[in-house]
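Numbering follows numbering that gives the first Met the number 0, in which position 446 of the sequence shown is assigned residue number 445; successive positions increment by one, without gaps.
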Amino acid sequence: MRPTRVAFLLAGLFLLPGLGLCEHNALLPRPQKIQYGPGHLLMRELGIRLASPSPAEEDRFAASELARCLWDRTGVQVAIVSGGNGPAIVLERTGNLDPLPVPGEQPGPNSREAYDLKVTPAGVEIRGRSSAAVFYGVQTLVQLVEGLGAQASLPEVEIHDWPLLVYRGPMVDMSHGALLTEAEVERQLDFLAHWKVNQYYFYNEASIELEGYPLLNPDGRFTQAAVRRIVAYGRARHIDVSPCLELYGHLHDLFRVEKYSDLAAFPHGGEFNPENPRVMNLLTDWAEQISKLFPSPFVHIGFDETWQIEKAAREQGAGATPAKLFVDQLGRVARLFQQRGKHVMAWADIMVKYPEIVAQLPPGIIAVPWYYEAQPDPEYKRWLGPLTAHSVPHIVATGVHSWNEIAPDFDTTFENIDTFMAAGRKSHALGLMNTVWTDSAQNLLRMSWPGIAYGAVVPWQSEPVNHQQFISDYARLMYPAAAAPEVAAGLEKLARSEATLQKVLGQDTMLALWGNPFVPAMLKSAGEHREDLHQARLLAEDAQTHFEQALALAGEGTTLASLLFGSRLLDYAAYKFLNALEIADRWKELGPHPSDEQLWSQMGSDITYQSHGRLTDQMDAITELKEIYRRNWLAEFTPYRLPSALGRWDAEYEFWRRIQARLQTFTRTFKEGDAVPPLESVASAP
């Protein structure tokens, strides 16, 4: 990360008299109160000093992180000093450590996380009640730095800052798709620390080793030792790593094992049968192990999308209703964790589906209403109304739209976060959980980092976030100054390409990518959106050009390779459906009885030709992209599920190879006077 100077309007902040516009770095999240002065303080003149004569490990970590980040950003070595009277960056914790969020916290200017930061010609002071507050001040100070090397400086400024909401963090899916490496989880935690996140929800269906369950997903899980290391890594960065479990539905990974199949409501299904006494024995064991593994005071027990509960209630006969089955089991599982000192969260979709049970929810439970669109209910009354009517504490859950998309849909993501946050402020939500799902089992999570950062910034700052400005500011804070404009432009083009392709394929572009483009319904849609396919390609190619340039300027970065890949895959997808449409146009132009010459000029020379035909284009592109995809996968994930994921790419190659072979056979065996069959009969034949 290297600095850049950027002009921005300090709307809603305290300004110096006579100044309406100040040229200083954009800060994310924007502080609640900030006032700049006229001077600057050179970095090369400073040391880092801890105010306490007996600093704790957390205090020393904040100092070392500050020194490291300043070196990375400016090339200036700022030493940690133990004394002296020279100008220094003084870190002062005025209260207890209190490194992590706890139940019952309140936000505000006097909260645990509030900090004061002051830069004057005499030096720098960062003061906070807790180690977390000081750490957040450090993150802001790093963003303030202007210039490089000997000219690196800090602007004269005074900041008083605190978060709008107490609980802020992403939920990262470890179960639907690939399995993140331990190193990648730590990389995510490093990234999140820059945006002052204080929670990280570790989503697990069957991806954590549990003693006594060797058959449960043995190739796709974290060891308990790895989880403990991740928890400790997060704690050092003031991030509480909390378990986000599924303890009613979404447990097919358990029930597909024959030993446990009878615990499901239906054999090898996805939901527990709460009437089976062995279910509570298993859940009691899991609650004990998870509670010991995660020291967090919070646990999320799931309980969403119980699709089979209505059928289960019917089969149980008189007296059984879906609502009763749900609330009874919710109470039993919640008590398992409450007895172990945990504060229990649960998804709220079934609660509001059966609003009569809201009054019967277990005491103390925290509901997590989730919805990932801003429309048709921008105030989220359906999701919040039943909860607020009974004063149920809640944390709102938004989503980074990348789980079924080729590239993240940032427009929808940002709008969802903005609107649910606004509704959550009115409903007095405790926090915001930004979910990152991997449903397609194909997505690369590094492409989603801007959406994850946005979900951290919004619940901290009071002012609304400008979407376009956010992308620009994010790029300036994440990448070297020379590369940042290229990254920002690339992200904007990438998002527009994805949004344009959705007009043709629908929202789930990654799923639609693998479909047959020659089926009549798809050809019809492509024909109606021919220009959209053209524009999606142009935008994707523009994004690719910007990311290539950013790589040339910045060198290999953590996220640039995956963003470049995303732009290339969008280009491939748009070309696939545009190509099929144009092949269909050529087929129609043949007429009912073409000559041999027509057949060659319309089909053989341009479409089926072995070295440079349209079908060869698709085979060449998908094989090249497959190798790039494999490299990007292994940069983030373990090999678990990689062969299965790559099978789709192999099938895509084979699809085009078969089409080429069929069309070549057709052209070889066609005789003048023969009738041309429908293209679908050739393109879809077994």
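Just so you know, even glycine gets a beta-carbon here, dropped at the ideal spot from N, CA and C. All figures in this text were calculated on a predicted structure; none of them were measured in a lab.
Looking at the DSSP output, ASN84 bridges to nothing.
For GLY85, the closest C-alpha among the options GLU679, GLU314, ILE47 is that of ILE47. The alpha-carbon separation between VAL326 and GLU372 amounts to approximately 27 angstroms. Cβ-Cβ separation between MET42 and ALA121: approximately 15 angstroms, too far for a contact (criterion under 8 angstroms). Counting the other Cβ atoms within 10 Å of the Cβ of HIS400 gives 16 or more, which makes it buried. Taking PRO479 as reference, the option from THR557, SER260, GLY168 with the minimal CA-CA separation is THR557. Within the region 386 to 447, the complete alpha helix (DSSP H) runs of at least 4 residues fall at 409 to 426. By the C-beta density criterion, HIS299 is buried, having at least 16 other C-beta atoms within 10 angstroms. Short of 8 angstroms from the beta carbon of ALA455, and not among the five residues preceding or following it, lie these beta carbons of its own chain, in chain order: PRO28, ARG167, GLY168, PRO169, LEU191, TRP194, LYS195, VAL196, ASN433. A Cβ-Cβ distance of about 6 angstroms is found for the pair LEU532 and ALA525, placing them in contact under the 8 angstroms criterion.
When only Cα atoms are considered, ILE88 and ILE33 end up about 18 angstroms apart.
If you draw a 10 Å sphere on the C-beta of SER604, you find fewer than 16 other C-beta atoms in it, and that means exposed. When DSSP assignments are scanned along the region 345 to 379, the uninterrupted stretches of alpha helix (DSSP H) that are 4 or more residues long and fall wholly within it turn out to be 348 to 352. Sequence-distant partners of THR666 (beyond 5 residues in either direction) whose C-beta falls short of 7 angstroms from its own C-beta, in its chain, are LEU598, MET602, GLY603, THR607.
Comparing alpha carbon positions, the residue from ALA231, GLY103, ARG92 closest to ASP115 is ARG92. Residue LYS291 holds the alpha-carbon nearest to the alpha-carbon of ARG339 among LYS291, TRP346, ILE308, LYS310. Distances from the alpha-carbon of ALA644 to those of GLN659, PRO266, GLU626, GLY103 put GLU626 closest. The C-beta separation of SER426 from THR387 comes to about 5 angstroms, placing the pair in contact by the 8 angstroms criterion. For GLN597, the enclosing alpha helix (DSSP H) covers residues 595 to 598.
Note on the region 133 to 210: whole beta strand (DSSP E) runs with a minimum of 3 residues are 152 to 160, 166 to 172, 198 to 203, in chain order. Less than 8 angstroms divides the Cβ of SER561 from the Cβ of ARG445.
According to DSSP, ALA62 shares a beta bridge with no other residue. Assignment of VAL332 by DSSP, reduced to helix, strand and coil, places it in the helix class. Taking every protein chain shown into account, the CB of ALA452 has 16 or more other CB atoms within 10 angstroms, so this residue is buried. Annotation for TYR574: the continuous alpha helix (DSSP H) segment containing it runs 559 to 588. Burial state of ALA149 is exposed, judged by a 10 Å Cβ sphere holding fewer than 16 other Cβ atoms. In this structure, the straight-line span from the alpha carbon of TYR571 to that of PHE564 is close to 11 angstroms.
Counting along the chain, TYR35 sits inside the beta strand (DSSP E) bounded by residues 32 to 41.
In the DSSP assignment, ASP619 falls within the alpha helix (DSSP H) that extends over 613 to 635. Here the alpha carbons of PRO154 and THR418 stand approximately 34 angstroms from one another. Three or more beta-carbon pairs separated by less than 8 angstroms are not found between the region 506 to 519 and the region 464 to 484, which leaves the two stretches without contact. Of the residues ALA549, HIS528, SER680, ALA551, the one whose Cα lies closest to the Cα of ASN578 is HIS528. Taking C-beta atoms under 8 angstroms as the contact rule, TRP513 and ARG647 qualify, at a distance of about 6 angstroms.
Here GLY233 is buried: its Cβ has 16 or more other Cβ atoms, across all protein chains shown, within 10 Å.
Distance from THR283 to LEU335 at the Cβ level is roughly 6 angstroms; contact confirmed, criterion being Cβ atoms closer than 8 angstroms.
Every alpha helix (DSSP H) stretch that sits fully inside the region 517 to 556 and reaches 4 residues is listed by chain position as 519 to 527, 529 to 553.
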